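Enquirer: Would you mind keeping the following structure in view while I ask a few things?
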Amino acid sequence: MARVPLLLLALGLAAAAAKSPYQQVLQHSRLRGRQHGPNVCAVQKLIGTNRKYFTNCKQWYQRKICGKSTVISYECCPGYEKVPGEKGCPAALPLSNIYETLGVVGSATTQLYSDRSNLRPEIEGPGSFTIFAPSNEAWASLSAETLDSLVSNVNIELLNALRYHMVDKRVLTDDLKHGTTLNSMYQNLPIQIHHYPNGIVTVNCARLLKADHHATNGVVHVIDKVIATTTNTIQQIIETEDSLETLRAAVAASDLNSLLESEGQYTLLAPTNEAFEKIPRETLNRILGDPEALRDLLNHHILKSAMCAEAIIAGLTMETLEGTTLDVGCSGEELTLNGRPIIANKDVLATNGVVHFVNELLIPDSAKTLFELAQESEVSKSTEFFRQAGLSSHLTGSERVTLLAPVNEVFKDGLPVIDSNMRNLLLNHIVKDQLSSKYLYHGQKLQTLGDKELRVFVYRNNLCIENACIAAHDKRGRFGTLFSVDKMLTPPTGSVMDVLKADHRFSTLVAAIQSAGLTENLNRPGTFTVFAPTNEAFRALPQGELNKLMGNAKELANILKFHVADEILVSGAVNALVRLKSMQGDKLEVSMKNNVIHINKEPVAESDIMATNGVIYAVNSVLQPQASRPQERGDEPADPALEIFKQASALSKVSQRNPRLAPVYSRLLARMKENSG
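With mature numbering (1 follows the signal peptide of the UniProt record, and there is no 0) as the guide, the letters of the sequence shown map in order to residues -18 to -1, 1 to 659.
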């Protein structure tokens, strides 16, 4: 018997889960209004307007719609009314026919026009209908010319218009599925339904204001606009609109006509002639003359689903046919794209979607040159640097390359002087082939236009090419890819030994390496990280200790091996503590503190001196392995148990009083006395 309540509970949960987005938002409004009595809904009203919304938790706490402040009001939920002297809205609205219901739910003008057009007998009589009734404000917002054309001509146009707002069956919000159509009662012409995840429901892009008002012969939904019939596809709208002449030619050149004529639900962000004219002529000609770039450009203006303006009450990210995303939002009455109010005309409805006219061209990365990609990002100073070095042709042509561009912060003190060496260095920031960082792997070798070979290092928290680590997501252009990197690249110039010999700071270290017989090790191919003590580090040692060290080849080799790890670790890979195993066997602890690399808590003087077989860090101290460090009690090895015991004096008193710990305490005390004797 216990299974029956569980089954009922499961069915109840399933039913709750199956609620439409509109019903979920309405339920949230009920919860927010319940303190004011039964069947009271909380609504958010835009200050200075009559626009009201049932909202979700996010909008409720932000108290904003389209970035504008709202006030909370409390009113009867759809289908209920107040009773004098009682709290809330305890009474259901009287159930009457559709004609009578129109007058009760705020659509008295629709009621008036149904009377004038002789629709009244039909919606008073028997049947099962759904009417999407424009609110009084919706009728009032029509131009005098439009309204006159409807109510003249022996009211035939008005009757046809009203019948286009009707469906010959009962349809509730749960039945209004996203992307579906309903056949209207005017020549079976379709009505487009969109039911968005935020709870907004639109009918031909008109928003449902008050839904699901039951009548004896159907259902009334109040909407915020008078809707018109739609017979044109998106392609037909492009062909008939004078302001889309350039777009028309571009669509024809890219063979997108068939897509925009086909069945589906798209949103076209249609660039006007003005939008094309704003683009530099050279850029526009390049794109229009490149079929692949042109197709990417146009696909970047087509969203995969129909998005009516009324459905946007906050920012959201939408995917384009090109595979990219656009940030679609709103600011008051204006729609925005990527934060800019560039939509000139919205909600031009088509049979296969909706068109919004935009007065700026949205050029995707895939249609841009490297130069254009870099100019609009955090590496704009790098572009100027390459231009001054006479390397612009590599950033604007059809050469397949990858640009390793240092971020602007690298040049905060100004651009370096350009000479032949600097120009060669910049050429080594341009890698042959168009790469994607997600396909790079550890140890991969990359060839540059400067004929250098660069190594790829993959770490837990970073992806680096030599000493430079990638600081942002790739930007993939038409022919080139942009990698933003955190510093100027320093390609390796020789082996570890070559680099040390060429730097006068390491002359003592070079002599020590040669004396210890380690030269061959540091010349061979490998992956070393060397913490190289400078001459200053050796001078800091007591003279006797230095002489002793230099005179003992075995001990010297042991100390030097402690400074070398058999893996490459560049500074960009160090976030928290990183432990490396030295060639001597003990662990080295590398950490970052105040933007300075530390090795075994000693600050590093210079990082990322790159070699063909490793990386070098200059340190101003000689690191000591654990076994070589002086002990606190002479040369005697410390007893870990006794060290812990000595540091826990406060615990000893407790130990003596505790009968279980007292024997342990006594044994440790005896051992301590033996060692001190």
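We treat Cβ as the ideally placed atom computed from N, Cα and C, and that holds for glycine. Remember, it's a predicted structure, so these values are computed and weren't measured experimentally.
1. What residue from T91, L238, L317 and F36 has the CA that sits closest to C58's CA?
2. Given a cut-off of 8 Å, decide if A291 and K260 are closer than it, judged by their beta-carbon atoms.
3. Thinking just about the alpha-carbon of each residue, which of T163, I581 and A522 is nearest to the one in residue 726?
4. Quick check on H545: does DSSP put it in helix, strand or coil?
5. Identify the continuous beta strand (DSSP E) that holds A387 and give its terminal residues.
6. If you draw a straight line from the alpha carbon of Y248 to that of Q218, how long is it in whole angstroms?
7. Secondary structure at R615, three-state DSSP: helix, strand or coil?
8. Residues in its own chain within less than 7 Å of E326 by CB, not counting five upstream and five downstream?
9. Pull up the distance between the alpha-carbon of Q517 and that of L464, whole angstroms please.
10. Below 8 Å, can you find three or more Cβ-Cβ pairs linking the stretch 362 to 372 to the stretch 426 to 436?
11. Can you tell me whether DSSP reads V604 as helix, strand or coil?
12. How about K457 and D347: are their beta carbons less than 8 Å apart?
13. As a quick exercise: from P116, Q26, N199 and L190, pick the residue whose alpha carbon is nearest that of E82.
14. Just checking: is the beta-carbon of N137 within a distance shorter than 8 Å of some beta-carbon in chain B?
15. What is the residue span of the beta strand (DSSP E) that G526 lies within?
16. For D194, does the three-state DSSP call read helix, strand or coil?
17. Nearest to residue 665 by alpha carbon, out of D194, S89, V86 and P76?
18. Exposed or buried, which one is D130 when buried takes at least 16 other CB atoms within 10 Å?
19. Going by DSSP, which residues form a beta bridge with N327?
20. Assuming L551 and S573 form a contact by the criterion Cβ under 8 Å, report the distance between their Cβ atoms to the nearest whole angstrom.
21. Using a Cβ-Cβ cutoff of less than 7 Å, which residues in the same chain neighbour I47 once the five nearest sequence positions on both sides are dropped?
22. Between M532 and A494, how many whole angstroms is the CB-CB distance? I'm expecting something under 8 Å.
23. Could you give the C-beta distance for G508 and D548, rounded to a whole number, given that I count them as a contact under 8 Å?
24. Could you name the residues that DSSP lists as bridge partners for P253?
25. Have a look at the DSSP bridge pairing and note the partners of N595.
26. Would you say S477 touches the ligand SAM, meaning its beta carbon is less than 7 Å from a heavy atom?
27. Just verifying my parser: in three-state terms, what is the DSSP assignment at L229?
28. If we call anything under 8 Å between Cβ atoms a contact, is V440 one with Y423?
29. Leaving aside the five residues before and after K635 along the sequence, list all residues of the same chain whose C-beta is less than 8 Å from its C-beta, in chain order.
30. What residues in its chain sit with their C-beta under 6 Å from that of H160, if we drop five residues either side in the sequence?
31. Among V556, T501, G462 and Q17, which one has its Cα closest to the Cα of N449?
32. So, for M289: in the same chain, excluding its five sequence neighbours on each side, which residues have a beta-carbon less than 6 Å away from its beta-carbon?
33. Whole angstroms is fine: what's the gap from Q429's alpha carbon to M592's?
34. Who are the Cβ neighbours of N186 in its own chain at under 7 Å, not counting the five residues just before and after it?
35. Measuring alpha carbon to alpha carbon, tell me which of E106, L154, V153 and N100 ends up nearest V133.
36. Going residue by residue through the stretch 349 to 398, where are the continuous alpha helix (DSSP H) segments of at least 4 residues, counting only ones entirely within it?
Expert: In this structure, then:
1. F36
2. no
3. The structure shown has nothing for residue 726, since the chain only spans -18 to 659.
4. coil
5. V383 to P388
6. 14 Å
7. With a pLDDT of 34 at R615, under the threshold of 50, the predicted position of this residue should be treated as unreliable, though the coordinate-derived value follows. In this structure, R615 counts as coil in the three-state DSSP scheme.
8. According to the sequence as given, residue 326 is Ala; it is not Glu. Closer than 7 Å at Cβ, skipping near neighbours: T254, F339, V340 and N341.
9. The sequence given here has Asn at residue 517, not Gln. Near 41 Å, if we compare the C-alpha coordinates of L464 and N517.
10. no
11. coil
12. yes
13. N199
14. Going by chain labels, chain B is absent from the structure shown, which holds only one protein chain.
15. Where G526 is concerned, there is no enclosing beta strand (DSSP E), although the alpha helix (DSSP H) it sits in stretches over Q525 to M532.
16. strand
17. The structure shown does not extend to residue 665, since the chain is modelled only from -18 through 659, so no value can be given for it.
18. exposed
19. F339
20. Actually they are not in contact, since the Cβ atoms of L551 and S573 sit about 12 Å apart, beyond 8 Å.
21. Q26, L28, Y35, Q41 and I295
22. 7 Å
23. 7 Å
24. V340
25. Bridge partners of N595: none, in fact.
26. No copy of the ligand SAM occurs in the structure displayed, which carries no ligand at all.
27. helix
28. yes
29. Below a pLDDT of 50, predicted positions are generally treated as unreliable, and K635, at 46, falls in that range; the measurement from the model is reported next regardless. So the list is empty, once near-sequence residues are dropped.
30. H176 and H177
31. V556
32. T249
33. 16 Å
34. I173, Q174, I209, T212 and L331
35. N100
36. 352 to 357, 362 to 370 and 374 to 378
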